[in-house]
Every structure is written in structure tokens, then in C-alpha cells.
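Notes to accompany the following structure.
Protein chains: 4
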Amino acid sequence: MIVVMKEGASQSEIDRVMELLKSKGLGAHLSVGVETTVIGVIGAKEKVHELGIETLPGVEKIVTVSYPFKLASRPFHPDDTRIEIRGHVVGGPEPTLIAGPCSVETREGLLEIAHAIKRSGAHMLRGGAFKPRSSPYSFQGLGEEGLKYLADAREETGLAIVSEVMEPGLVPLVAEYVDVLQIGARNMQNFPLLKAVGRTGKPVLLKRGFSNTIEEWLMSAEYIMAEGNPNVILCERGIRTFETYTRNTLDLNAVPVVKHLSHLPVLVDPSHGVGHARYVTDMARAGIAAGAHGVIVEVHKDPTQAWSDGNQTITLEEFDQLAHQVRAIHQLMKTFEPAASLV
Amino acid sequence: MIVVMKEGASQSEIDRVMELLKSKGLGAHLSVGVETTVIGVIGAKEKVHELGIETLPGVEKIVTVSYPFKLASRPFHPDDTRIEIRGHVVGGPEPTLIAGPCSVETREGLLEIAHAIKRSGAHMLRGGAFKPRSSPYSFQGLGEEGLKYLADAREETGLAIVSEVMEPGLVPLVAEYVDVLQIGARNMQNFPLLKAVGRTGKPVLLKRGFSNTIEEWLMSAEYIMAEGNPNVILCERGIRTFETYTRNTLDLNAVPVVKHLSHLPVLVDPSHGVGHARYVTDMARAGIAAGAHGVIVEVHKDPTQAWSDGNQTITLEEFDQLAHQVRAIHQLMKTFEPAASLV
Amino acid sequence: MIVVMKEGASQSEIDRVMELLKSKGLGAHLSVGVETTVIGVIGAKEKVHELGIETLPGVEKIVTVSYPFKLASRPFHPDDTRIEIRGHVVGGPEPTLIAGPCSVETREGLLEIAHAIKRSGAHMLRGGAFKPRSSPYSFQGLGEEGLKYLADAREETGLAIVSEVMEPGLVPLVAEYVDVLQIGARNMQNFPLLKAVGRTGKPVLLKRGFSNTIEEWLMSAEYIMAEGNPNVILCERGIRTFETYTRNTLDLNAVPVVKHLSHLPVLVDPSHGVGHARYVTDMARAGIAAGAHGVIVEVHKDPTQAWSDGNQTITLEEFDQLAHQVRAIHQLMKTFEPAASLV
Amino acid sequence: MIVVMKEGASQSEIDRVMELLKSKGLGAHLSVGVETTVIGVIGAKEKVHELGIETLPGVEKIVTVSYPFKLASRPFHPDDTRIEIRGHVVGGPEPTLIAGPCSVETREGLLEIAHAIKRSGAHMLRGGAFKPRSSPYSFQGLGEEGLKYLADAREETGLAIVSEVMEPGLVPLVAEYVDVLQIGARNMQNFPLLKAVGRTGKPVLLKRGFSNTIEEWLMSAEYIMAEGNPNVILCERGIRTFETYTRNTLDLNAVPVVKHLSHLPVLVDPSHGVGHARYVTDMARAGIAAGAHGVIVEVHKDPTQAWSDGNQTITLEEFDQLAHQVRAIHQLMKTFEPAASLV
């Protein structure tokens, strides 16, 4: 249930509703928009109705959300969510560009990549310090050392940094270094981890699991938001299908669907999505044209020497072209009228 | 195997190679490009080597194609294939726009749609006369009557017409009316039908089966081409996955992959691909940005009244917007340098 | 809608209902069971209700079928369908055993296989004469010559024969030779072909398409039955998934589901289902334990020399073991009480 | 690489190989079989060859394992792994029967279920205390209270207990109560959790992720084993496909494949696999016939009143039938000769 307050409802009217809900043991999440303030209510529908909230001063109406996700749903927050990170607004007027190596390798290599992508217009640097690998015998990442290199790169370039956290016990450590905590595809339904990143309040990049439905993805966003953290950035990164020419099938259909169902910003990761460097720029363009708020890609000075994921990693020059093309398509799309069906 | 002739090889040199191959019982398919002429050879690899073709006058080299498809492969025909249909070139400088109702319904309704899409810049009118329906009790199409209405619409508007043919026995009838024979997703591996449309020499729109791999799709194109018909237009229309919010999952990854493996033009069908009118324009834009040569969509004056597929059908006004956006993105992309990896 | 006649309803009472339905342009399909006679009605629900059929003499009640398939549904025919073919009853007390080579190769080889599987207790010989192959350059089958060899094998052994038909135009030819017409997985939604085999009245082995839902499968059975042919045998043969260790994923879940939804007998094809000879016997046993009425497998004297599908083909000795194990499990299962939920 | 010791190799010969490997920084895992002792070596292949191990006394030969999993592979441990838990041997002569409610609810209800399944011949009681739920608003389990009830049930009945652990931080707590730690499908690639359960040395029931390949599943077993814990029990519980009549698609093909590739015991979970109580017994039988070492199912005194997963939960009476049928098929299969291909 969502309590929609009247335009111009006073703070004390809002407080009164919040208090009443909490006094009855219901969850109450406040969302203050430009024009309207809404309160998301979590708990037994019957209880809400008994309280007679619709008759309180300042209350416009009560809306039922038919999706199992509430805080992540568009009705709870009709405007697009915008998340500011070191001066760049994810979900804002410019497409978000995130790039970096699959794994953080050497300090020098990372700095070189950081400077190059900064020049190409990237806003954030990605790099794995703790790596989820199918094999226990594969390189598992540099750990905290890798986080330090990322922080050094931020220091030098001003880029925000994104890195994955894989277990609740390491959330405080990783959160100390990064601007954005990444939840990897394999952990999309690692509920204790979702709660832990939710409690930090830090921006979270939530990758879609490679066989999770859009609904499950938004439910996982809900786990984070239910802990009081509204700063969730969704990221489509490819699903599993029968096709074998591509590593995964980047599901761009999910982009407009998610934008319809939810107010959260959504990025695409064409590197994991298609799995071959040759097609990454094509799919980045397509992602933006489908309506994504930005892209995250794997880049390396020399992909053939990357410690992991080399065949899906593009060069620094290719990233420069990609960034140009992504911005141009994003800019062009601002001139289009919204589809009639979406007005 | 592909025999690549020298630039400027004479007709008699080409003929000599063709005759030698045929005299040994091998298939020989000639492809004359702007600069080079190549001959696709189908048959036992050992035999080809015995013939000593590489020593004949006018022969540049022999290339082995590692894909199971030969005539459909990029090495056999390095330039993009262009197919002219009533003055419009599929695979040419402008994106191809095909629209129309799922089923041909009334003559008047069809003409109204035809005139409207013509004004919006469409090149072809689509409409089902023979309909593959899951249920024997559903409307199966108007049959030949529907083809007549399509021909009338062509007469009035100059639009080329596309319609599906479902069985070998009806290929001559349908081919008499249409400009492009459509092979539906369910028939992508109906091999007798592929051979039959191959024998007509008419352009064929070959939809990808909803669970067929890209390789199988190109093998089905090969069936048509092996009958001597090079005019195959591929069309991605969505694959089956576990996701249920969308009817299918439009696989845009297939677009750059197919363009790399093959010289054939490729369109996308976002109507069947995503299955909800609300997302059709988004996915049409994304398809073009991924590199598709055009789109095919379902339109209707009043989708709520369509006899079939109403929920994935856009209005005539929405098509006008879609056409504008598709053209604008296609135009913008001409200003981009090709990705380094594709040079 | 299904009209259920009273026990002991007279022929003239039945005729009267049939005539009334037909006179109103409705489809009427008669099914005479041991105890009850039912009439399946196809057409507008409203019309049926207007006719007042429930008040006619001999009519017990009218039942609405909530599935889109009617004649194939369990409510239309509460007892299991049994189809007698050369003395063996498919869906009867003994499990059906069908075996043979992927392709019919030589006459001698086929006869040797036929005699061997006959000794092991097989009821039918399978063999492809017209072969659907992904590549136009692969062996496409011996055609009519292959059908003649199959007929010779029947002559010598008494085994019934099963072979695939791929296009409507060849149905009369193939039907002249075989006891059971096979519809391959790629043609499960080749609707003109389904209608053509429906018109023959001959038993049809309908394989499930490798990406078709159970509902679509039963709708394809409905296409055949709607032409007046009740002799449909379903065959699960594996679906497409992301798994690559197996060629397909034999979906045994479909067996109990189909037996619940439909009265038609269902076989399993572990050869195509799992795609490796090593696992065929395991999956054959599992299919029977799941409730299948029999199995169809690929066998060869020397699988390494088979012209097609050798790696999923078992030897004659392995088939002998398989037949023994299948019969033993089927026999054991007769001693089990039906699950309470199915009573 | 695997070092196979000669039959009768002495302890000191074995020690010498172990020490040499460790001194060079290589992983060395000892596996003592009835007849042969083998040492699994993890590390650079080149290093192993340099050491000249094949010339040491007591060494029979060195075998290369072509799979990415080593300790979990059949070559490392040619005999089936057997794991004794409270007197019952998983992978032994009798099929393992595990049953219980989806969630632990009340103490009384749990005890009633425990006594009933004990009477039906079950070996272990399952029940969720910490529950992974898609929604943050769904019942998340009783936590430690639930574990206490499970321990009480063990006390009263002698049944071993199995319960899921969802995060590394809770492994010590859960391990204190249960006999078998369950890793749920959503956590199959939660690598920190796999390492944590690996370090306990306790038996682990490792469910297959609903979109994980067989290879990834065995790699996850490898994670546990690489921590020194050989007691891994695999459990197939259904994969995601396009089919919607069933909740998941129980992939029984995985059973013989896993038994070929690995020595670990494998169970099937038809409750989650097919998702409807009606089909659970059919699929349990099929799983055993495919070669599974046992089954795990959800049971409840009154499934309609279960707090979660009621529609896939069978009654205590149905479990009694299931147990009987599973044992009978397992017993019958002992009379079969192994398939020739598996000898």
C-alpha cells in the first residue's frame, strides 16, 4: 500500500501518518518527490485499512501496488530515481559510463586505464578485487590490495570506483574503499548479502542473475531498499539461453520493462552480456537506444594479456569510440517525443 | 571451399573453373562482386584438392570456410548482400521499414493501414493471409482472398508486399501475389518448404525459429541459397527463455553476430520479440542501434480490435514516431567509424 | 464443451444430439467408451447453451473443458486411449518398444537389426527414409527406397514400421508403406502437415518440438484429432536448455503432466533426449518409472559406422538389456497402488 | 593431475610423495580407496612433470584429468563415495530417503512429521530454519529456534537432520545442530559460503543452481572438497526452462551424467523439481530408475496448511507410498547387469 500525501501537505501531517503506521507495527518508508510525498507501507493490508488513514489531514489517497515489490515499484516513486556519485548523476541527463579491467591487476596498469577512460569521458572505474570464480584454482583477486589500488586511481583521476563484495562479513571493508558496492550476478539472491549492503546506505550496483526473472531482480532491489537504502542501480548483464555463439544473451527487453515497472536507474553490461569484444560496442549502443541510463564495460590496455575475461574486454581506443557513440545516441534520443503509450 | 578469382579474371577463365567443378559432380555457385568473383564449391574436400584448381589461369586462391554454411557465409561474399525490391534496397543506405496487421482482415482496413504507413515512410506492407495458429479452432486467415487485398494495397500505394507461406504446395500461389515470401518461425526448419521457396528465386524473409541457434538459422538460409536463390533476408523475432514478463526475448545479440558470420541483411521484429506494444518502439530503436538493416512491426488502426496479436500491435501514430526514430538513429550511425575490431 | 451421455443412452438419442449440433454448424466428435459415450463440441460456447442440449433424452450433463485442447483432453476421454497396431496395443498392458537405425541404410543391415530387436521383444521398427537435416549437404535419406526396405523388414519379422513424413505432399506415399506416421520435432507446429496426417486416420507418432510447451504439444495433437484421427501417440524427445553436456534435456516431467491432462499414450525417446549412448538405458528406465507407455530408441549393429546419429545409438546387445529392464520396471509398477492424488 | 600409487604402496612411500608435492607449493589431496591410494595434485602441470614423481618408489602412474574439477572427478576416486551419517550410508546399498516440511513451523508439528516419516523408513529429516525467500516480506524462518526443534526431533526419532545455511557467518551455529549442512540452489555459487562449509568437514548437501551447468555444479563441489571436506552429496532439484506447467524442469539426465563424471552420491528433489504434489511420486520413482542414490521431498501433515511451498508438498500417507515404490525400484535395479557401456 502507498499513502499519497496531498500537494503541500505539512511536515506535521506527514509525521502523524508515519507515527501512526509505526505505532501499529507496520513498515513506513518515506519518499519525498518534487511535487508529491508518498509513504510506502509494508504489512498486513487489513491492518492498514482499519487505521482509517485516508481520513487523516493531508492524505490524498491510498494506492494498492499489485507487484510483489513495493519500494522498487514505479507507483511508490513516480519520478525516475537519480543517484549522485562524486558529482555525476546516475539516471540523470548524461549517460553513465563505467569502465575498467575485469580484475585489478597491477597498480600501474590500473592507473593507466583510469587516466585513459577519464579522458574518454568515463564517470567511474570498475575493477574486481574479490573475484567470484567457478574454479577454486583460478585467480581469486588481489583482495584489499586491489581496493587500495582502486582508491589510488580515484585519488589521481577523480573517478568514482565500483567493486564487487561477495560476503556479508566483508561489506564494511569494501564499503570503506568504494563509492559503489557491486552485487554480482551469482549473488543476486544472496539475501544476507543484500541486507548487509542495504544497511550501509551506499549506492549498490545490482546485477541481474543470469537466470533470474525481472520480478526476482526487482525483489532483490526491494531487499536492499527495505533496509533503508534507496540507492540501487540495476544492471542487466545477460541471461542463459540455448545459444552458444554468445557467452550469454544480453536481454535488452529487460531495459524498457524495468523502466516501466520501476523508478530505479538501469545500466547494461555488454561485456558479460555477449562475451566477445567484437560485439561489445554494438550492444552498448543498442542498450542506450533501448533506454538504458548507461553502460559498464571491461577495458584493458592489452586484452590479450588480461588476467581474466580477456576475450570480452575491449581496448582503450575502442572504449573511446564506444563512449562517443553512446553519448551521441543518448543525445539524439532527447529529441524524440516519448512513445504515446508511455505518456 | 571457395575459389577466389583474380581481379580482372576473364569470363572464359571463370567458365573453365565452373565447368571443371560441375564435370566432377561438385556444386558450383557463382558470386560476382564489385571487385572480385568467387565460386562456392560444395562437395568432398578431397575431390576439390585433386583437381588442381589453384593452378588454373585466373584463380587467385582457395579458401576453406570453417562454418557449416557456405553460400551464406561472409567469406563467400565479403560485401553485404543488397536486395532490391520495388525500388527499395534491403541492406542498402536506408533502413527497411515493414509494417502491417498481424492478419489481413478487411479490404478497407488494409488499405487504410497501407496508406498510413506509406505516409510514414514504410517500404513494405506485411499481412498474414495463411496463418499458423497453435489452435485448430482459431482464425486461420483469409487465404487467397487476403492475398488479393494485399495486391490491391500494392496497386494503390506502391508498397511491396510480404506474406507468409506455410506449405510447399502453396508456394506457387503465394509467390504469384507477393514480392517477398515469408518463412515463419515455426517453419524455419521445414526443409521441403525452404527448398520450395528457394526454387522460386523470389526474395525470402526467413524468421529465426524461437529456439533455433544462429548456426541453424544460417543453415536454413543455406537451404534456400543452395537452390539458386541468393535473395534471403534474415529476421530475428525473439527466442524462448524462462522470462515471463515478455512474450519472447528479442535476441539483439544475434544482429552483430549474424553480420559478422554472414553477408545477408538482417531485420528485427520487435512486435513478436517482446510481445507488448508498449515496448515495441524501444526495441525497434535498439535493433537499429545494434546494426539491423530494418524493422518489421505489427500495426493496426485500432489494436484493441485486431483479430489476432492485438496486445503487441502499435497504432498508426506510434508507427509514425517509430519510423522517425529508426531513421534518425540509422542516419546518426553513418557518422560513426566502424569499431576497430570490425575493420 | 463436452456432452456426456447417460449410461445406456440409445443410438438414436446419440444421433439426435450429433445431428442437432451439426445442423447448427458446430463440430461434433463422438467418443464411445466402455461405459460412457461423450460428444466433444467445438464452436461458440454461447450457441451450445442456446440449443438446450442438456434437456434432450439420453443426455447426462454438459462439461466445460478449461484447456484450449478439447479432444486431446482427459475430460473428453476419461479412460486411457489404446491404439492397436499389428496386434500390439500402445497404451495397453505391455510397454511399447520401438527401435531401429536413425536412417535406413542398406536392406541387409536393416533386416539384421529387425531380426535382432524382434528377438529382444520389440514391437516396432523405426528408420528414417526422408530425413530432416540441418544442412542441405548432409545425407537426406534413401526416400521411397528406404520405405521399401522397411516394408521388407515387416514382411520378414512381423514388426510394425514407423517412419517420418516431412511434407503434406508425401503423406499419401509414406502412409502407403508405414503403420505409424512419425511427425518429427521440427514439424510439431507444421500445421498443414498435421492436418494431412490427420486425414489419413493412421496412427501418428507426434514428437514434442524441442522448444514447445506441453500445451502447444497437445494443441498439435488436437490438430490431428480435429481431422477425425484419434490415433495419436505422443513422444517426448528432449527440450533445449542451457546445459551442454547433454545434446538435449529429456523432460520426463512432461510424462506425468501429459498423462494428467490427456488420455493419449506417451512414449519417451532417450536417444535424442540425452544424445549419448552411454546414458540411453538409464533414461529409458527413468521414462518408464515416470509413467511412460514405452520407449523409442536408436540401435545399430555397429553405431560407430552409422550414417547419422552414431554417438546416441546403442548396440543390439545394449537394446536387449534395455528391453529387459524396461519390462521389469513396467511389471513392478503394476503392483503399486496409484498415488492418492491421482485416484 | 592424479598420482596413482601401486597396490600395497607403503605409508612411507605415500608420505614421501605428499611431502615432495607440498614442498614445491602444490596442493596434495590424499584419497585412500579399498585397493588403491591416489593423490590429487593441484597446481601448475609443468611443475608436476619436473618433479619426476613417476620414478619414485610406490608410484604406479600419473593420470591427467581433463575436467576442470579434480577432486570431484571419477578418475581421482574410481569407487563411488559413501558417506555414513548416523548409521545410514549415503551412496550405499539402500536408497537414501529424506523428508520433512519446507519450513520448520511448530515443535509439535515437526515431531509428528518426524515420527511418521521414520515409520515409513526415512533416514533423515529436512526442514528450513533459515529460509531464502524472494521477498523480504515473506516468512524468513524460525532461525535458531527451528534448529532446536530439529535437534529435538532427532533426539526422539534417531533421524539425522538436514537444514540450510545461507551465510558464512552462521555456518558455526548451524553446524552445531545439524548432521548435514544444506547449500540451497541460490547459493550454489556463493563461494565464500562453499569454503566455509568445506572447513567444517561436515556432510554437505549441495543443491544444483536452477541455471547452473553440470560442470559448474561439480566445480562448486570442488570448492568444498578443496577445503579438505570430501563429504559432498549432490542434489538435482530442477532447472529453469521455458515450460510453465511445471515450476521447474527436474533434470534427470544430470543423474547418469554426474555418476559418470564424478564419484559423489547424487539425490533428486522432485518437490522443487516439478513443483506440484501430484507429480512428486512419479518423479521420485524416475529419479531412482535413472540411478539416483536417493530422494529428498517436502512432506506435511496437511499441505494446505503449510507455511510455505504447500502446493508441492505431499502428505504423510503419500510419502509412505513413495518410500515403498522407491525402495522396490532400487531393489529391482540391483538385479540388472550394468549397461555394457558402463563396464
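Chains A, B, C and D supply the protein sequences, listed in that same order.
Heads up: the first sequence at position 317 corresponds to 317 in the UniProt record's numbering, and the numbers run straight through without jumps.
Heads up: the second sequence at position 274 corresponds to 274 in the UniProt record's numbering, and the numbers run straight through without jumps.
Heads up: the third sequence at position 328 corresponds to 328 in the UniProt record's numbering, and the numbers run straight through without jumps.
Heads up: the fourth sequence at position 86 corresponds to 86 in the UniProt record's numbering, and the numbers run straight through without jumps.
Built from N, CA and C at the ideal position, the CB exists for glycine as well.
Helix, strand or coil: how does DSSP classify residue i here?
i: S10/C; result: coil
i: residue 344/B; result: Chain B is shown from 1 up to 343; residue 344/B falls before or after that span and cannot be answered.
i: S135/B; result: coil
i: T241/C; result: coil
i: H330/A; result: helix
i: H49/B; result: helix
i: K118/A; result: helix
i: E337/B; result: coil
i: E84/B; result: strand
i: L194/A; result: helix
i: E236/D; result: strand
i: A99/C; result: strand
i: M283/D; result: helix
i: H77/A; result: coil
i: S23/A; result: helix
i: G291/B; result: coil
i: V104/B; result: coil
How far does the beta strand (DSSP E) with residue i in it extend, from its first residue to its last?
i: K61/B; result: 59-63
i: I39/A; result: 37-42
i: R126/A; result: 124-126
i: K202/C; result: No beta strand (DSSP E) contains K202/C, which DSSP labels as neither H nor E.
i: E164/C; result: 160-164
i: L181/A; result: 180-183
i: V4/A; result: 2-5
Since residue i meets chain G, which of its residues come closer than 7 Å, beta carbon to beta carbon?
i: F242/A; result: Protein chains in the displayed structure are A, B, C and D, and chain G is not among them.
Taking C-alpha atoms, which residue in the options lies nearest to residue i?
i: I214/B; options: A185/B, T106/B, G201/B; result: A185/B
i: residue 396/A; options: T81/A, E144/A, K118/A; result: Residue numbering for chain A in the displayed model covers 1 to 343; residue 396/A lies beyond these limits and cannot be assessed.
i: L160/D; options: A290/D, H88/D, K22/D; result: Looking at the sequence shown, residue 160/D is not Leu but Ala. With distances taken between Cα atoms, A160/D lies closest to H88/D.
i: E243/D; options: P230/C, R247/C, V162/C, L252/C; result: L252/C
i: T157/C; options: A116/C, T55/C, E164/C; result: A116/C
i: N248/B; options: A254/B, R240/B, V255/B; result: R240/B
i: K195/A; options: V171/D, S135/D, V174/D; result: S135/D
i: G121/A; options: L316/A, F336/A, E337/A; result: L316/A
Specify, as a first and last residue, the run of the alpha helix (DSSP H) that residue i falls within.
i: I214/B; result: 214-226
i: V258/A; result: 254-261
i: residue 355/A; result: What is shown of chain A runs 1 to 343, which leaves residue 355/A out entirely.
i: V266/D; result: Per DSSP, V266/D belongs to no alpha helix (DSSP H); it is in the beta strand (DSSP E), 266-268.
field: Where the segment 134-165 of chain D meets chain A: residues whose CB sits under 7 Å from a CB there
entry: Here the close residues are S134, S135, P136, Y137.
**Prompt:** Using Cβ-Cβ distances below 8 Å, what residues of the segment 285-318 of chain A are close to chain D?
**Reply:** Only those residues of the segment 285-318 of chain A whose C-beta falls short of 8 Å from the nearest C-beta of chain D would be listed, and there are none.
Can at least three beta-carbon pairs, one atom from the segment 140-153 of chain A and one from the segment 120-130 of chain D, be found at a separation below 8 Å?
-> No, the segment 140-153 of chain A is not in contact with the segment 120-130 of chain D.
Closer than 9 Å between beta carbons: that is the criterion. Which residues of the UniProt domain "DAHP synthase ferredoxin-like" (1-66) of chain A meet it against chain D? From the UniProt domain "DAHP synthase ferredoxin-like" (1-66) of chain A, only G27, I42, G43 have a Cβ closer than 9 Å to chain D.
Evaluate the contact criterion for the segment 319-339 of chain C versus the segment 93-104 of chain C: three or more CB pairs, one atom per stretch, below 8 Å. By the C-beta criterion, the segment 319-339 of chain C is judged to be in contact with the segment 93-104 of chain C, since at least 3 inter-stretch pairs fall below 8 Å.
> Below 8 Å, can you find three or more Cβ-Cβ pairs linking the segment 265-276 of chain C to the segment 293-312 of chain C?
Replying inline: Of all C-beta pairs linking the segment 265-276 of chain C to the segment 293-312 of chain C, three or more are shorter than 8 Å, placing the two stretches in contact.
Note to self: When you compare the segment 40-51 of chain A with the segment 64-83 of chain A, are there three or more beta-carbon pairs, one atom per stretch, that lie closer than 8 Å?
What the structure shows: Verdict: yes, contact present.
Does the segment 220-240 of chain D touch the segment 194-212 of chain D, meaning 3 or more C-beta pairs lie closer than 8 Å? Between the segment 194-212 of chain D and the segment 220-240 of chain D there are three or more inter-stretch CB-CB distances shorter than 8 Å, so the stretches are counted as touching.
If you measure beta-carbon to beta-carbon, which residues of the segment 167-197 of chain B are closer than 7 Å to chain C?
Within the segment 167-197 of chain B, contact with chain C at the beta-carbon level (separation under 7 Å) is assigned to E167, P168, G169, R186, N187, Q189, N190, F191, P192.
Check your understanding: Pairing CB atoms from the segment 72-83 of chain C with CB atoms from the segment 250-267 of chain C, are three or more of them under 8 Å?
Key -> Yes, they touch.
task: Could you list the residues in the segment 245-256 of chain C with a C-beta less than 9 Å from some C-beta on chain D, going in chain order?
output: Cβ contacts with chain D: Y245, T246, N248, T249, L250, D251, L252, N253, A254, V255, P256.
Select from the segment 205-224 of chain C all residues with a C-beta closer than 7 Å to any C-beta belonging to chain B, and list them in chain order.
Listed by position, the residues of the segment 205-224 of chain C near chain B (Cβ gap below 7 Å) are F210, S211, E216, M219, E222, Y223.
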